[in-house]
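See structure below.
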Amino acid sequence: MQRASPRFGCAGPAVAVAVGRTCGSGVDYAARVHVSREPTDADLDELRELETAMWRSETRGDRSWMDQCLARDFAEFGRSGRRYTRAEILDLDVGEIHATLPLRDLQCRRLGGGVVLVTYQADVDGHLANRSSIWRLTDAGWQMEFHQGTPTAAR
0 MQRASPRFGC
10 AGPAVAVAVG
20 RTCGSGVDYA
30 ARVHVSREPT
40 DADLDELREL
50 ETAMWRSETR
60 GDRSWMDQCL
70 ARDFAEFGRS
80 GRRYTRAEIL
90 DLDVGEIHAT
100 LPLRDLQCRR
110 LGGGVVLVTY
120 QADVDGHLAN
130 RSSIWRLTDA
140 GWQMEFHQGT
150 PTAAR
């Protein structure tokens, strides 16, 4: 497997098989610069893999990988309605994740300027939620800026 350019910084070793890329080293993730270009189809494929990796214990529990993937000002509204900060997400003790994969109805929508909205329905332990994430392309890779889970009974 080839080592990727720093643009793919978020795809750590745990998802390298699925994504085909590994993270660059020595990147100051707090100093990432937004890249304003239209995402390619390959970028959207990568985002589908990154979003799916968020539901795998081996990647979600990898603090270094999560640190690279979450933007400095990341925020989440969980399925419960609770708001999470980046620090709270990074500090979570991630156990076994019982998500049904592949994610249902996973779609990527280009919003412009290197920003993509990813939407899907997740089934975790029989609890359904409509989910959305906003990803931004930076000079060191994709970073998730925001995530929201909304409970639903509809399949």
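Per numbering that gives the first Met the number 0, the very first residue in the sequence shown carries number 0; after that it's consecutive. All residues carry an ideal CB built from backbone N, CA and C; glycine is no exception.
Checklist line | Own chain residues within Cβ distance below 6 Å of Asp122, not counting five before or after | finding: Translated into positions along the sequence shown, residue 122 becomes position 123. Shown here for Asp122: same chain residues with a beta carbon closer than 6 Å to its own, the five before and five after excluded, namely Thr99 in chain order.
Margin query: In whole angstroms, give me the CA-to-CA distance for Arg33 and Val117.
Written below: In the sequence shown, residue 33 corresponds to position 34, counting from 1. In the sequence shown, residue 117 corresponds to position 118, counting from 1. Note that residue 33 corresponds to His in the displayed sequence, not to Arg. If you take the alpha carbons of His33 and Val117, they lie about 18 Å apart.
Check: Quick one: what does DSSP say Thr58 is sitting in, helix, strand or coil?
Finding: Counting from 1 along the sequence shown, the entry for residue 58 is found at position 59. Helix, per DSSP.
Margin query: Can you find the residues in the same chain that come closer than 7 Å, C-beta to C-beta, to Gly60, ignoring five residues on each side of it along the sequence?
Written below: As a first step, residue 60 is located in the sequence shown; it is residue number 61 there, counting from the start. Leaving aside the five residues that flank Gly60 on each side, the residues in its chain whose CB is nearer than 7 Å to its CB run, in chain order, Val93.
Check: Alpha carbon to alpha carbon, what distance is there between Ala70 and Ala139?
Finding: As a first step, residue 139 must be located in the sequence shown, where it is residue number 140. As a first step, residue 70 must be located in the sequence shown, where it is residue number 71. Whole-angstrom Cα-Cα distance: 11 Å.
Checklist line | Residue span of the alpha helix (DSSP H) that contains Leu91, given as start and end | finding: Looking up residue 91 in the sequence shown gives position 92. Neither: Leu91 is in no alpha helix (DSSP H) and is coded neither H nor E.
Note to self: My assumption, with CB atoms under 8 Å, is that Pro113 sits in contact with Arg85. Please give the rounded CB distance.
What the structure shows: Here residue 113 corresponds to residue number 114 of the sequence shown, with the count starting at 1. Here residue 85 corresponds to residue number 86 of the sequence shown, with the count starting at 1. The question names Pro, but residue 113 in the sequence shown is Gly. Contact between Gly113 and Arg85 fails: their C-beta atoms lie close to 20 Å from each other, not under 8 Å.
Notebook entry, point to check: Buried or exposed: Gln106, going by 16 or more other Cβ atoms within 10 Å of its Cβ?
Noted result: Walking along the sequence shown from the start, residue 106 turns up at place 107. Flag for Gln106 reads exposed.
Check: Can you give the beta carbon distance from Arg130 to Gln120, rounded, assuming they're within the 8 Å contact cut?
Finding: Looking up residue 130 in the sequence shown gives position 131. Looking up residue 120 in the sequence shown gives position 121. Contact flag correct, Cβ pair sits at about 7 Å.
Next item on the list: Could you tell me which residues DSSP pairs with Phe145 in its beta bridges?
Entry: By 1-based counting over the sequence shown, the position of residue 145 is 146. According to DSSP, Phe145 bridges with Ala74, Ile133.
Note to self: Can you list, in chain order, the residues of its chain with a C-beta nearer than 7 Å to that of Arg62? Leave out the 5 residues immediately preceding and following it.
What the structure shows: On the sequence shown, residue 62 is found 63 positions in, with the first residue counted as 1. Once the five neighbours on either side are set aside, the close Cβ partners of Arg62 are Leu89.
Next item on the list: Ignore the nearest five residues each way along the sequence and tell me which others in Phe76's own chain have a CB closer than 6 Å to its CB.
Entry: Sequence index remark: in the sequence shown, residue 76 carries index 77 (1-based). Closer than 6 Å at Cβ, skipping near neighbours: Arg82, Gln147.
Notebook entry, point to check: Name the DSSP bridge partner or partners of Ala121?
Noted result: The count along the sequence shown starts at 1 and reaches residue 121 at position 122. Ala128.
Check: Between which two residues does the beta strand (DSSP E) harbouring Asp104 extend?
Finding: Counting from 1 along the sequence shown, the entry for residue 104 is found at position 105. Taken as a continuous stretch (DSSP letters only), the beta strand (DSSP E) holding Asp104 covers 103 to 111.
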